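Colleague:
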DNA sequence: TATACTTTGTGACAAAAGTAACAAACGTTG
DNA sequence: CAACGTTTGTTACTTTTGTCACAAAGTATA
Ligand SMILES: NC(=O)c1ccc[n+]([C@@H]2O[C@H](COP(=O)([O-])OP(=O)(O)OC[C@H]3O[C@@H](n4cnc5c(N)ncnc54)[C@H](O)[C@@H]3O)[C@@H](O)[C@H]2O)c1
Ligand SMILES: NC(=O)c1ccc[n+]([C@@H]2O[C@H](COP(=O)([O-])OP(=O)(O)OC[C@H]3O[C@@H](n4cnc5c(N)ncnc54)[C@H](O)[C@@H]3O)[C@@H](O)[C@H]2O)c1
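Chains as they are written, first to last, in my numbering: chain A, 3 to 220; chain B, 3 to 220.
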């Protein structure tokens with residue numbers, strides 16, 4: 003069962019897309035949004051949208067659509083976007099810096115409250131108001147501040163040790179950008195973002211595409 | 003049918019993970035790798051690995067496993083990782099810079115051959131040996147060099163116009179990091195990496211987790 | 001060679017996800 | 001208010017994906 007307290011995983015992952023469209027529509031003062039609308043924006047059929055929303059228990063009005071603000075508010079609550087979520091980020095390299103400086107995450111309630119690195123040259127530097135701290139402070143800080151999320155942007159060979167430190171610090175959710183497998187206790191959730199793997203899958207498409215399109219002899 | 007020339011999409015996306023483990027094992031001179039091994043590394047059951055590999059037509063040896071180098075080589079060919087794929091990247095901000103400077107993509111055959119931005123302050127700058135070019139050069143350059151992939155790392159409000167320019171330049175595959183929907187002709191493949199949406203889905207888990215774990219009264 | 005292990009490939013089955021269809025609900029228009 | 005178009009919630013169905021189980025194929029050992 004890949005369910006997550008009642009809602010299938012693929013549905014859950016579509017909700018933020020709907021949410022984003024609703025916010026946009028709310029800004030434009032559009033009072034109602036239809037499943038057709040939401041579907042076109044998300045690239046899924048309207049029936050899919052209705053099914054996804056039926057897992058939640060917020061209802062729309064036949065002939066009209068969904069109340070824009072009400073549904074946006076409900077999704078915000080369901081996804082916990084209004085709740086503040088505090089995170090630490092380890093590995094202040096190019097990617098870590100980009101994630102730290104990205105303002106979009108704050109709109110979803112994420113606060114990156116501390117940065118860590120092993121490189122003495124980086125420790126003490128400031129990135130977006132936050133100072134880069136040495137690794138030995140990680141476990142204690144995470145524990146003291148009850149940090150909810152850990153973001154890993156170190157090279158893969160260092161990722162496991164960072165993950166273990168986060169676990170020691172009581173962190174229960176890890177967002178991992180290093181291309182490797184992490185071993186953690188069962189109660190810890192690891193979500194990996196493997197961009198290189200996505201690229202490799204895309205690479206296959208590019209090949210097949212040029213094969214199909216180039217020798218147009220047939 | 004979400005098949006991709008015979009192989010289901012989820013299987014295709016697991017292949018790079020297997021590939022990575024095989025490369026590691028090859029470096030350690032391990033001659034054979036079993037489906038159990040591959041599965042543990044990828045976080046899927048061994049039967050899943052065998053099924054995925056059965057879509058390709060490279061076979062393993064019962065009682066032994068898969069020939070490490072042979073399978074790695076076959077996956078490399080199947081995924082087209084050895085083929086050079088030329089890409090342009092538009093939007094040399096924090097994320098664009100990180101992607102440009104990341105050496106890992108080159109291992110998968112990706113060459114980012116040109117950078118573009120609209121900001122006069124960035125045009126002419128150099129990022130990892132590549133000069134940032136003005137937007138008006140995009141279409142012509144893409145067409146002349148038969149660029150295969152476009153990478154979009156501009157703010158969402160600018161993404162559609164960039165995508166359209168890429169299409170005009172004959173680009174057939176777009177890797178989009180802006181959190182928005184892109185409308186392109188059917189023959190163009192868009193793969194979107196929506197990190198904020200992933201975060202929002204994670205946010206839901208964090209909420210549910212703290213609810214389940216904190217009030218342990220029941 | 002016989003026997004005791006491993007491990008593969010696959011076909012049958014189970015679960016999950018997506019699609020389509022439609023009655024019921026609603027608004028609008030004349 | 002009746003007729004018509006729109007849109008919902010849900011059910012039934014199809015397709016896709018994942019899991020399991022096992023015969024067959026291989027290795028190792030005595
Ligand atoms: N940059 C990208 O576009 C990109 C794309 C895909 C994947 N990734 C992955 O993301 C991760 C980070 O990539 P990057 O480009 O930012 O790398 P980077 O080399 O720029 O940064 C890595 C940082 O981690 C620090 N670090 C190394 N070992 C550490 C340790 N044991 N503890 C704490 N800090 C440590 C380094 O000092 C450095 O600051 C890598 O795993 C990479 O494979 C990056
Ligand atoms: N940085 C992150 O961690 C992160 C995370 C999730 C999503 N994103 C998305 O990735 C994209 C880039 O993020 P970023 O943090 O690098 O932003 P950024 O503001 O640092 O960089 C954006 C760049 O795009 C350029 N640009 C703007 N309009 C343009 C146009 N019309 N044509 C060409 N170039 C243009 C800007 O000059 C700037 O250099 C955004 O869409 C953002 O939402 C970023």
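In this text, a Cβ means the ideal position worked out from N, Cα and C, and glycines have one as well. The model shown is predicted, which means the values in this text are computed figures rather than measured ones.
Distance, Cα to Cα, residue 124 of chain A vs residue 117 of chain A?
Modeller: On the first chain, position 122 is the one that residue 124 of chain A refers to. On the first chain, position 115 is the one that residue 117 of chain A refers to. C-alpha separation (whole angstroms): 10 angstroms.
Colleague: So, under 8 angstroms CB-CB, residue 174 of chain A and residue 190 of chain A are touching, yes? Tell me the CB distance rounded to an integer number of Å.
Modeller: Taking the first residue of the first chain as position 1, residue 174 of chain A is located at position 172. Taking the first residue of the first chain as position 1, residue 190 of chain A is located at position 188. Confirmed, Cβ separation roughly 6 angstroms.
Colleague: Would you say residue 178 of chain B faces chain A, with C-beta separation under 8 angstroms as the test?
Modeller: Taking the first residue of the second chain as 1, we reach residue 178 of chain B at position 176. Residue 178 of chain B does not count as touching chain A.
Colleague: Quick check on this structure: which residue in A:79, A:105, A:98 and A:210 has the alpha carbon closest to the alpha carbon of residue 21 of chain A?
Modeller: If you number the first chain from 1, residue 21 of chain A lands on position 19. Closest by alpha carbon: A:79.
Colleague: Do residue 124 of chain A and ligand 1 come close, with the Cβ less than 7 angstroms from some heavy atom?
Modeller: Reading the first chain from its first residue, position 122 is the one you call residue 124 of chain A. Answer for residue 124 of chain A: yes, Cβ within range of ligand 1.
Colleague: So with CB distances below 7 angstroms, who are the chain B contacts of residue 19 of chain A?
Modeller: Along the first chain, read from residue 1 onward, the residue named residue 19 of chain A stands at position 17. The answer, in chain order, is 199.
Colleague: How far does the alpha helix (DSSP H) with residue 158 of chain A in it extend, from its first residue to its last?
Modeller: Counted from its first residue, the first chain places residue 158 of chain A at position 156. Run containing residue 158 of chain A: 158-170, per the alpha helix (DSSP H) assignment.
Colleague: Measuring only from the beta carbon, is residue 67 of chain A closer than 7 angstroms to any heavy atom that is part of ligand 2?
Modeller: Looking up residue 67 of chain A in the first chain gives position 65. No, the beta carbon of residue 67 of chain A sits no closer than 7 angstroms to any heavy atom of ligand 2.
Colleague: Run down chain B in chain order and give the residues with a C-beta less than 7 angstroms from the C-beta of residue 205 of chain A.
Modeller: One-based indexing of the first chain puts residue 205 of chain A at position 203. Going along chain B in sequence order, the residues near residue 205 of chain A (Cβ under 7 angstroms) are 81, 82, 83, 87, 110 and 111.
Colleague: Evaluate residue 110 of chain B with the Cβ neighbour count: other Cβ atoms within 10 Å of its Cβ, from every protein chain shown; 16 or more gives buried, anything less gives exposed.
Modeller: As a first step, residue 110 of chain B is located in the second chain; it is residue number 108 there, counting from the start. By the 10 Å Cβ count, residue 110 of chain B comes out buried.
Colleague: Under the rule that 16 or more other beta-carbon atoms within 10 Å means buried, what is residue 4 of chain A, buried or exposed?
Modeller: Here residue 4 of chain A corresponds to residue number 2 of the first chain, with the count starting at 1. With a pLDDT of 39 at residue 4 of chain A, under the threshold of 50, the modelled position of this residue cannot be trusted; read the value that follows with caution. Its Cβ having fewer than 16 others within 10 Å, residue 4 of chain A is exposed.
Colleague: Alpha carbon to alpha carbon, what distance is there between residue 81 of chain B and residue 106 of chain B?
Modeller: For this step, residue 106 of chain B is matched to residue 104 along the second chain. For this step, residue 81 of chain B is matched to residue 79 along the second chain. Near 16 angstroms, if we compare the C-alpha coordinates of residue 81 of chain B and residue 106 of chain B.
Colleague: Would you call residue 179 of chain A buried or exposed, if buried means 16 or more other Cβ atoms sit within 10 Å of its Cβ?
Modeller: Indexing the first chain from 1 puts residue 179 of chain A at position 177. With 16 or more Cβ atoms within 10 Å of its Cβ, residue 179 of chain A is classed as buried.
Colleague: Helix, strand or coil for residue 103 of chain A? Go by DSSP, reduced to three states.
Modeller: Locating residue 103 of chain A in the first chain gives position 101, where the first residue counts as 1. Three-state DSSP puts residue 103 of chain A in a helix.
Colleague: Is residue 12 of chain B close to chain A? Criterion is C-beta to C-beta, closer than 8 angstroms.
Modeller: Here the question's residue 12 of chain B lines up with position 10 in the second chain. Residue 12 of chain B does not count as touching chain A.
Colleague: Under 7 angstroms between beta-carbons, which chain B residues line up against residue 209 of chain A? List them in chain order, please.
Modeller: Here residue 209 of chain A refers to the residue found at position 207 of the first chain. By Cβ distance, chain B contributes 82 and 85.
Colleague: Could you give the first and the last residue of the continuous alpha helix (DSSP H) run that contains residue 42 of chain B?
Modeller: Looking up residue 42 of chain B in the second chain gives position 40. Segment 37-44, the alpha helix (DSSP H) holding residue 42 of chain B.
Colleague: Is DSSP giving residue 126 of chain A helix, strand or coil here?
Modeller: Along the first chain, read from residue 1 onward, the residue named residue 126 of chain A stands at position 124. Three-state result, residue 126 of chain A: coil.
Colleague: Three or more C-beta pairs under 8 angstroms: does that hold for the region 128-143 of chain B against the region 56-76 of chain B?
Modeller: Not touching, per the Cβ criterion.
Colleague: CB-CB under 8 angstroms to residue 172 of chain B, same chain, minus the five flanking residues each way: which ones, in chain order?
Modeller: Here residue 172 of chain B refers to the residue found at position 170 when the second chain is read from its first residue. Within the same chain, residue 172 of chain B has close Cβ partners 144, 145, 148 and 149.
Colleague: Would residue 107 of chain B pass as an interface residue toward chain A - the criterion being a Cβ-Cβ separation below 8 angstroms?
Modeller: For this step, residue 107 of chain B is matched to residue 105 along the second chain. Yes, residue 107 of chain B counts as interfacial toward chain A.
Colleague: Within its chain, find whatever has a CB closer than 7 angstroms to the CB of residue 168 of chain A; leave out the 5 residues flanking it on each side and keep chain order.
Modeller: Residue mapping note: residue 168 of chain A aligns to position 166 of the first chain, counting from 1. Result list for residue 168 of chain A: 144, 152 and 176, in chain order.
Colleague: Taking 7 angstroms as the line, does the beta carbon of residue 225 of chain B fall inside it for any heavy atom of ligand 2?
Modeller: No answer is possible for residue 225 of chain B: it lies beyond the span of chain B, which begins at 3 and ends at 220.
Colleague: According to DSSP, is residue 206 of chain A helix, strand or coil?
Modeller: Position 204 of the first chain, counting from 1, holds the residue named residue 206 of chain A. Residue state, collapsed to three classes: helix.
Colleague: Counting contacts by CB-CB distance shorter than 8 angstroms, is residue 61 of chain A in contact with chain B?
Modeller: If you number the first chain from 1, residue 61 of chain A lands on position 59. No, because no Cβ of chain B sits closer than 8 angstroms to the Cβ of residue 61 of chain A.
Colleague: In three-state terms, what does DSSP make of residue 33 of chain B?
Modeller: In the second chain, residue 33 of chain B corresponds to position 31, counting from 1. In this structure, residue 33 of chain B counts as coil in the three-state DSSP scheme.
Colleague: Below 7 angstroms, is the gap between the Cβ of residue 172 of chain A and the nearest heavy atom of ligand 2?
Modeller: Working through the first chain from its first residue, we reach residue 172 of chain A at position 170. Not so, every heavy atom of ligand 2 lies at least 7 angstroms from the Cβ.
Colleague: Report the three-state DSSP secondary structure of residue 150 of chain B (helix, strand or coil).
Modeller: On the second chain, position 148 is the one that residue 150 of chain B refers to. Three-state DSSP puts residue 150 of chain B in coil, outside helix and strand.
Colleague: What is the residue span of the beta strand (DSSP E) that residue 138 of chain B lies within?
Modeller: In the second chain, residue 138 of chain B corresponds to position 136, counting from 1. Element bounds for residue 138 of chain B: n/a, residue is neither H nor E.
Colleague: Enumerate in chain order the residues of its own chain whose CB-to-CB distance from residue 66 of chain B is below 6 angstroms, with the five nearest sequence positions on each side excluded.
Modeller: Position 64 of the second chain, counted from the start, is the residue given in the question as residue 66 of chain B. Cβ neighbours of residue 66 of chain B beyond the five flanking positions: 34.
Colleague: For the candidate residues B:54, B:100, B:160 and B:91, whose alpha-carbon lies nearest to that of residue 115 of chain B?
Modeller: Position 113 of the second chain, counted from the first residue, corresponds to residue 115 of chain B. For the residues B:54, B:100, B:160 and B:91, the minimum Cα distance to residue 115 of chain B belongs to B:91.
Colleague: DSSP puts residue 69 of chain B in a beta bridge; with which residues?
Modeller: Counting from one through the second chain, the residue named residue 69 of chain B turns up at place 67. B:34, per the DSSP bridge assignment.
Colleague: Can you give me the C-alpha to C-alpha distance between residue 127 of chain A and residue 133 of chain A, rounded to a whole angstrom?
Modeller: By 1-based counting over the first chain, the position of residue 127 of chain A is 125. By 1-based counting over the first chain, the position of residue 133 of chain A is 131. Their backbone Cα atoms lie some 6 angstroms apart in a straight line.
Colleague: Does ligand 1 have a heavy atom nearer than 7 angstroms to the CB of residue 93 of chain B?
Modeller: The count along the second chain starts at 1 and reaches residue 93 of chain B at position 91. It does not: the Cβ of residue 93 of chain B is nowhere closer than 7 angstroms to a heavy atom of ligand 1.
Colleague: Going by DSSP, which residues form a beta bridge with residue 63 of chain A?
Modeller: Within the first chain, the letter at position 61 stands for residue 63 of chain A. In the DSSP output, where bridge partners are listed per residue, residue 63 of chain A has A:67.
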